[in-house]
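Q: Counted from 1, the sequence shown has number 118 at position 107 by the numbering used here; the numbering is strictly sequential.
Ideal Cβ placement from N, Cα and C applies to all residues, glycine included.
Take a look at the following structure, please.
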Amino acid sequence: MTTLSRLLALRTLATVSVVHSVLFTGLMLCAFVLGKPEPATFAFGFTHGVLYLVMAVACGVAARIGTVPGTTALVVIVLGALGPYFGTFDLLREVRQRGDDRTAQDAGHEPASLD
Numbered sequence: 012m013t014t015l016s017r018l019l020a021l022r023t024l025a026t027v028s029v030v031h032s033v034l035f036t037g038l039m040l041c042a043f044v045l046g047k048p049e050p051a052t053f054a055f056g057f058t059h060g061v062l063y064l065v066m067a068v069a070c071g072v073a074a075r076i077g078t079v080p081g082t083t084a085l086v087v088i089v090l091g092a093l094g095p096y097f098g099t100f101d102l103l104r105e106v107r108q109r110g111d112d113r114t115a116q117d118a119g120h121e122p123a124s125l126d
């Protein structure tokens with residue numbers, strides 16, 4: 012496994028995506044509930060913007076090298092512009108699905124087909 016593959020592993024991207032969702036929630040709370048306190052709103056907004064760009068590029072590259080499915084990368088890139096929750100949900104779903112597949116393979120069974 013290359014360094015890039017380890018850096019862009021599914022679990023790593025899912026973890027960063029969860030952190031991004033928490034920060035985005037902080038931004039929404041600051042902006043709409045707490046009356047836009049500064050500099051907190053700026054800090055959450057800036058962090059969200061940077062993390063969105065980083066996650067979009069990272070998921071695009073990860074899809075290219077095969078550590079995440081292309082559909083997951085599209086969810087993060089396209090729907091992530093509306094909010095990171097979509098990408099977080101899809102990444103965590105993929106982690107769980109791959110975990111279930113690994114458990115079934117370790118037990119000597121084939122993973123269940125979704126067809």
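Determine, using beta carbons only, whether L103 and A25 come nearer to each other than 8 Å.
A: Walking along the sequence shown from the start, residue 103 turns up at place 92. Walking along the sequence shown from the start, residue 25 turns up at place 14. The answer is yes: Cβ separation under 8 Å.
Q: Does the beta carbon of G98 fall short of 7 Å from some heavy atom of the ligand SAM?
A: Of the ligands one can find in the structure shown there are none, so the ligand SAM has no counterpart to examine.
Q: Sort Q108, Y96 and A69 by Cα distance to L34 and report the nearest one.
A: Within the sequence shown, residue 34 is the residue found at index 23, counting from 1. For the residues Q108, Y96 and A69, the minimum Cα distance to L34 belongs to Y96.
Q: Using the C-alpha atoms, what's the distance from M66 back to M39?
A: Numbered from 1 along the sequence shown, position 28 holds the residue referred to as residue 39. Numbered from 1 along the sequence shown, position 55 holds the residue referred to as residue 66. The straight-line gap from Cα to Cα measures roughly 19 Å.
Q: Suppose you measure from the CA of K47 to the CA of G37; what does that come to, to the nearest Å?
A: The count along the sequence shown starts at 1 and reaches residue 47 at position 36. The count along the sequence shown starts at 1 and reaches residue 37 at position 26. Roughly 11 Å between the two C-alpha positions.
Q: Provide the residue span of the alpha helix (DSSP H) that contains V44, from first to last.
A: Numbered from its first residue, the sequence shown carries residue 44 at position 33. It is not in any alpha helix (DSSP H) - V44 carries neither H nor E in the DSSP assignment.
Q: What are the start and end residues of each continuous alpha helix (DSSP H) run of 4 or more residues lying completely inside the stretch 26–92, in chain order?
A: 51–76 and 81–89
Q: By DSSP, does G94 sit in helix, in strand, or in coil?
A: Within the sequence shown, the letter at position 83 stands for residue 94. Looking at G94 - three-state DSSP - the assignment turns out to be coil, as it is neither helix nor strand.
Q: Express the C-alpha separation of V68 and T52 in angstroms, rounding to a whole number.
A: In the sequence shown, the residue the question calls residue 52 occupies position 41. In the sequence shown, the residue the question calls residue 68 occupies position 57. Their Cα atoms are separated by approximately 24 Å.
Q: Identify, in the order they occur along the chain, each residue of the same chain with its Cβ nearer than 7 Å to the Cβ of D126, setting aside the five sequence neighbours on each side.
A: Numbered from its first residue, the sequence shown carries residue 126 at position 115. Its pLDDT being 45, under 50, D126 is placed unreliably by the model, and the measurement read from it follows with that caveat. Cβ neighbours of D126 beyond the five flanking positions: none.
Q: For T14 and F100, what's the separation of their Cα atoms in angstroms?
A: The count along the sequence shown starts at 1 and reaches residue 14 at position 3. The count along the sequence shown starts at 1 and reaches residue 100 at position 89. T14 and F100: Cα-Cα distance of roughly 26 Å.
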